[in-house]
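Working notes, beginning with the structure itself.
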RNA sequence: GCCUCCGUAGCCAAGCCUGGCAAGGCAGCGGACUUUUAAUCCGAAGAUCGUGGGUUCGAAUCCCACCGGAGGUACCA
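In our numbering, the protein residues as written are 587 to 1061.
This is the structure we're talking about:
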């Protein structure tokens, strides 16, 4: 069979539904259209047959009477899953189903593998993730989720551009991994004969751009972290990071909550979204509370950096927190917060004033010694963004890197190492700057009301599948 | 990484506890049917029961190992 190299489509199924929904039952519109898509259902009744054609925008019925449809016998022998192009009049059947009469048709591609059950679809998660190309066709929720993800990125870009943010691209290969406390993937460049790391965050490069004079920048960055996989973690995921010169953490908190409220309203129609059977109110302004106040509120513990180390360790023991000997007061406070507070925050809350010890890139709090102007937003018990007034002092940054290095050498594989060039950039002068990283995957999980990150990543990381032929070769 | 659960035809699955010829539906194949909506009806077919080993007269079923997946947990966003 000759398959065409191209095909002219004059209408999408959505355009047909939009333009002809008011057509009376049993009448024809007189308008001829050409549509294309995949045949999802087919029923033949002897001298008349019906099909359901699906394209990106939805579905439309095909109406094929034997005396109208050319090569009728071949038409009713199409396989479910075949791609077809159809031309004919838009009409509505006696039962009121808007249809395209099949007056001309052509096969655009044959499905040589059987398509999944038309009623049950596919439920096996492995098949859905490995063969997303099938899942997208047969599972409407999947299609809608990824359309929403695409829309969200588009809306985000437009919103930031309207505020004069510049979209930039920074390296994925980093000679020194930095910008987040995480284990990197490493790789090797042959010509340079050097070890390179896949970025765990674009942060340090973006701040170099502020030094370079781009005062508002953002990057929608795929980042890579060599950690476990769970319903909330994929080894590669997407972060929106943005930096704004002359801004502090308060400006950035306001920006972030406004962006997310805007996205919720545009994508779901309301700032009060449904998630996991409950409501989340994303209406701004969001609550802002310090980490220490939240610990007191949720655990009844009045503790701080002033609290003796032994006492903090005792609290960790009683909470079943594994506290390593190297942990200082700041790290212990963070652990206690994560255990007692984070899972219990539902509506959005900016958690503020993180200990300096666990925030190597954040600027010191302007009033409180030992704390930083850092915040995270927790929604539905999950951290979805992390930002701060950026540390601008080169000497202080050097000192913090060295502390990290000491921890790294003490065995903490997630600690940072010294990025000499980043310190050099700061020495040229970083103006007051606020910045933030937003977990795009987790945000779309909230807005699309899905419970696992794999449902918002088209091709989530899985153990590689061995094709049957390769299995033989390996033996 | 650890714990628990799952794997039966292209898809959805029963059977497993309590061992004895591997149900049914969809898709595919043959036939009937000129307005269907998961169309319906008739017919024929389709399964190394994830893989390997063990127990047994006999294993989809019980035991062990491995492979793949899911949920939880740890680290992390």
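In this text, a Cβ means the ideal position worked out from N, Cα and C, and glycines have one as well.
Start and end of the alpha helix (DSSP H) containing residue 1034?
1026-1034
Who are the near neighbours of residue 823 in its chain, counting only those whose CB is closer than 6 Å to its CB and skipping five residues on each side?
1027
As a quick exercise: from 650, 620, 1033, pick the residue whose alpha carbon is nearest that of residue 864.
1033
Among 733, 909, 755, 810, nearest to residue 769 - alpha-carbon criterion
810
When DSSP builds the beta bridges, which residues end up paired with residue 783?
760, 772
Report yes or no: do three or more beta-carbon pairs, one from the stretch 821-836 and one from the stretch 1013-1031, lie closer than 8 Å?
yes
From residue 627 to residue 636, what does the alpha carbon distance come to, in whole angstroms?
8 Å
Could you tell me whether the Cβ atoms of residue 914 and residue 959 are closer together than 9 Å?
no
Looking at the structure shown, is residue 949 part of a helix, part of a strand, or coil, going by DSSP?
coil
Please confirm whether residue 1031 and residue 853 have their CB atoms less than 9 Å apart.
no
Count the other CB atoms within 10 Å of the CB of residue 963; is the residue buried (16 or more) or exposed (fewer)?
buried
For residue 650, which residues in the same chain have their Cβ closer than 6 Å to its Cβ, ignoring the five residues on either side in sequence?
635, 661, 688
Using a 10 Å radius around the Cβ and a threshold of 16 neighbouring Cβ atoms, would you call residue 974 buried or exposed?
buried
Alpha carbon to alpha carbon, how far is residue 873 from residue 1057? Give it in angstroms, no decimals.
In this predicted model, residue 1057 has a pLDDT of only 39, less than 50, meaning its place in the structure is not dependable enough to derive any value.
Per-residue DSSP class, three states only, for residue 562
As shown, the chain starts at 587 and ends at 1061. That puts residue 562 outside it, with no answer to give.
What did DSSP end up calling residue 706 once you bin it into helix, strand or coil?
coil
Mind the definition here: the stretch 799-818 touches the stretch 697-708 only if three or more C-beta pairs lie below 8 Å; say whether that holds.
no
Residues in its own chain within less than 6 Å of residue 725 by CB, not counting five upstream and five downstream?
707
For a test of the three-state rule: what should DSSP assign to residue 788, helix, strand or coil?
coil
Can you tell me which of 807, 905, 1006 puts its alpha carbon nearest to the alpha carbon of residue 924?
905
Taking the C-alpha atoms as reference points, what is the distance between residue 705 and residue 685?
21 Å
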